[in-house]
Amino acid sequence: MSDPEPFKIKMVKPLKRLSKEEREERIREAGYNVFKLRSEDVFIDLLTDSGTSAMSDQQVSEMVKTEQAYAGGDSYHALDKTVKEIFGFDRFVIVHQGRAAENVLFSVLLEEGDYVPNNMHFDTTKANTKHKGGEPVDLAVDEAYDPEAIADFKGNMDVKKLERFIEEKGPKNIPVIMLTITNNTGGGQPVSMENIRKVSEVAEQYDIPFFLDACRFAENARFIKEREKGYEDKSIREITREMFSHADGFTFSAKKEGLVNIGGLIGIKDEELHKRCKNLSIIIEGFPTYGGLACRELTAISTGLKEATKDEYQTYRYEQVKHLADSLLEEDIPIIEPVGGHAVFVDAERFLPHIPQTKFPAQALTTELYKESGIRAVELGTSAFGETDEEGDIIPAEMENMRLAIPRRVYTLNQLEYVAGSIKELHEKREDIQGLKRTYAPELLGHFTAEFEPSD
Ligand code: F0G
Numbered sequence: 004m005s006d007p008e009p010f011k012i013k014m015v016k017p018l019k020r021l022s023k024e025e026r027e028e029r030i031r032e033a034g035y036n037v038f039k040l041r042s043e044d045v046f047i048d049l050l051t052d053s054g055t056s057a058m059s060d061q062q063v064s065e066m067v068k069t070e071q072a073y074a075g076g077d078s079y080h081a082l083d084k085t086v087k088e089i090f091g092f093d094r095f096v097i098v099h100q101g102r103a104a105e106n107v108l109f110s111v112l113l114e115e116g117d118y119v120p121n122n123m124h125f126d127t128t129k130a131n132t133k134h135k136g137g138e139p140v141d142l143a144v145d146e147a148y149d150p151e152a153i154a155d156f157k158g159n160m161d162v163k164k165l166e167r168f169i170e171e172k173g174p175k176n177i178p179v180i181m182l183t184i185t186n187n188t189g190g191g192q193p194v195s196m197e198n199i200r201k202v203s204e205v206a207e208q209y210d211i212p213f214f215l216d217a218c219r220f221a222e223n224a225r226f227i228k229e230r231e232k233g234y235e236d237k238s239i240r241e242i243t244r245e246m247f248s249h250a251d252g253f254t255f256s257a258k259k260e261g262l263v264n265i266g267g268l269i270g271i272k273d274e275e276l277h278k279r280c281k282n283l284s285i286i287i288e289g290f291p292t293y294g295g296l297a298c299r300e301l302t303a304i305s306t307g308l309k310e311a312t313k314d315e316y317q318t319y320r321y322e323q324v325k326h327l328a329d330s331l332l333e334e335d336i337p338i339i340e341p342v343g344g345h346a347v348f349v350d351a352e353r354f355l356p357h358i359p360q361t362k363f364p365a366q367a368l369t370t371e372l373y374k375e376s377g378i379r380a381v382e383l384g385t386s387a388f389g390e391t392d393e394e395g396d397i398i399p400a401e402m403e404n405m406r407l408a409i410p411r412r413v414y415t416l417n418q419l420e421y422v423a424g425s426i427k428e429l430h431e432k433r434e435d436i437q438g439l440k441r442t443y444a445p446e447l448l449g450h451f452t453a454e455f456e457p458s459d
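Residue numbers (the numbering used here): 4 to 459.
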């Protein structure tokens, strides 16, 4: 038996469930894109774990108490102290969310034609790199692309591939090396401490700054504690400090493990780089002591970071995600194994082998799940990560997943059982599910606004 939740529910939001006919109408009106649904038409919302956490009573009460100041508010000083404590960084820049951190950092570092290696880019990191004229390059270990390969750290960067890449392109054309912990695109898979250290050594050898895309750093630390030799008796906080000691900087969307609805940070060790990012940020985000946020958001991040790095919270978090994964595995639903930290990724290629990737099987599965049971998942496959060639033909993504992201401290195990049961029912009638034809998608981050229709 796993430990029960280390909190109790103090406030609730009643949920509404539409009829199947109503959902069919809503998804058709939404162009078969769940981003275009109204959230009130969703019964269980697993679209994202970003900005969807339930806050603690302490976070909310501090938000009310904090001073709203343009400059030098108490909330800034509280966050400054927390960033030092948790990450061991003296310098940071506050931004309104993770992609703003990427925008500021890449605006300062990237020049046209530069390369940015990462284990695997997430959609916004990829888009921001391209937006600044750079080329995102994914260099994860081979098993990261195999949903059935069982390995402890499937998020790792392939260090040999990285070295070869640097030698081939030349270190001068690589202004930063990134490592995403955990690797969201690849299934929320962790990166080992050994890999973080090795990548940092390679970066240092070639004098290239090394940054962590640290959205889910504490979940990553929990995996290290569970799976890496020598860390079993260390706390999440100790492991976190060690992970960040290897990095020159980090980008962080506080919407995940800041346990808040909005916010982000860039941590930077180098004084000069910090100054450049801070000065750009004043123009496009806000004055450094609030950075595009209301001061109350800063206090919430500060307290949220402390709560997210508690061992008992991380144990609860992992067990909840694992519970959903185990329920699906019991029913032989194909998912990425082992399960990652923030979500269960259903492998749509194995779920719907009769639909080719050019007909968006993961998108089709996502819309069917909404239609059948009111659950909103998200497609992370060819709509999100595929490309189109010069003739306009679709180049499929490496992986074709439907992600069930679990918002933090929001849903009960009973609700997750409903999710598992609904997917099982869908699996039983999988042969009836048809592919989709894409009728519209802009070039960058096209999946957010793409439109589809049933393909014949
Ligand atoms: N990096 C990673 C690894 C992410 O997962 C995200 C966001 C970002 C950067 C950007 O952060 O949303 O605050 O601008 N991921 C969310 C998701 C949106 O659903 O996985 P943001």
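We treat Cβ as the ideally placed atom computed from N, Cα and C, and that holds for glycine.
With a threshold of 16 other beta carbon atoms within 10 Å, residue 4 falls short and is exposed. In the structure shown, residue 406 adopts extended strand secondary structure according to DSSP, grouped into three states.
About 6 Å separates the CB atoms of residue 100 and residue 265; that is less than 8 Å, so the two are in contact.
The bridge partners DSSP lists for residue 256 are 267. For residue 183, the enclosing beta strand (DSSP E) has its first and last residue at 180–183.
Within the stretch 99–124, the beta strand (DSSP E) runs of at least 3 residues that lie entirely inside it are, in chain order, 118–121. In this structure, the beta-carbon distance from residue 368 to residue 402 does not fall below 8 Å.
Residue 294 places its beta carbon less than 8 Å from that of residue 98. Pairing residue 306 with residue 61 gives a Cβ-Cβ distance under 8 Å. In this chain, the beta strand (DSSP E) harbouring residue 348 covers 346–350. The beta-carbon separation of residue 410 and residue 6, rounded to 20 Å, does not stay under the 8 Å limit for a contact.
Counting every other CB atom within 10 Å of its CB across the protein chains shown gives residue 163 a total below 16, marking it as exposed. Between the stretch 336–343 and the stretch 187–197, the count of C-beta pairs closer than 8 Å reaches three or more; the two stretches touch. DSSP places residue 213 within a strand segment (E or B) once states are collapsed to three. In the DSSP assignment, residue 451 falls outside any beta strand (DSSP E), carrying neither H nor E. Residue state for residue 306 is assigned as helix, using DSSP reduced to three classes.
In the DSSP assignment, residue 145 falls outside any alpha helix (DSSP H) and carries neither an H nor an E.
For residue 55, there is no enclosing beta strand (DSSP E), as DSSP gives it neither H nor E. Below 8 Å, enough C-beta pairs join the stretch 253–262 and the stretch 215–223 to call them touching: three or more. Runs of the alpha helix (DSSP H) spanning 4 or more residues and lying entirely within the stretch 367–395 occur at 385–388, in chain order. Cα atoms of residue 238 and residue 168: separation of roughly 35 Å, rounded to the nearest angstrom. Per DSSP, reduced to three states, the secondary structure at residue 48 is strand. Here the distance from the Cβ of residue 451 to the nearest heavy atom of ligand 1 is not below 7 Å. The stretch 269–289 makes no contact with the stretch 224–235, as fewer than three CB pairs between them are under 8 Å.
With respect to the 8 Å criterion, residue 108 and residue 142 are not classified as neighbours on the basis of their beta carbons.
In the DSSP assignment, residue 443 falls within the unbroken beta strand (DSSP E) covering 439–443. In the three-state scheme derived from DSSP, where H, G and I count as helix and E and B as strand, residue 14 is classed as coil. Following the DSSP letters along the chain, one finds residue 218 in no alpha helix (DSSP H), marked with neither H nor E. One Cα belongs to residue 373, the other to residue 223, and the distance between them is close to 30 Å. Note: residue 138 is bridge-paired with 118 in the DSSP secondary-structure output.
For residue 56, the number of other beta carbons within 10 angstroms of its own is at least 16, and it is reported as buried.
Distances taken from the Cβ of residue 264 to the heavy atoms of ligand 1 include none shorter than 7 Å. Residue nearest to residue 435 within the set 449, 446, 454 and 458 is 458 (criterion: CA-CA distance).
Closest by C-alpha distance to residue 363, out of 377, 400, 17 and 392, is 400.
Secondary structure note for residue 192: it is in no alpha helix (DSSP H), with a DSSP letter that is neither H nor E. Taking residue 450 as reference, the option from 391, 415, 418 and 422 with the minimal CA-CA separation is 391.
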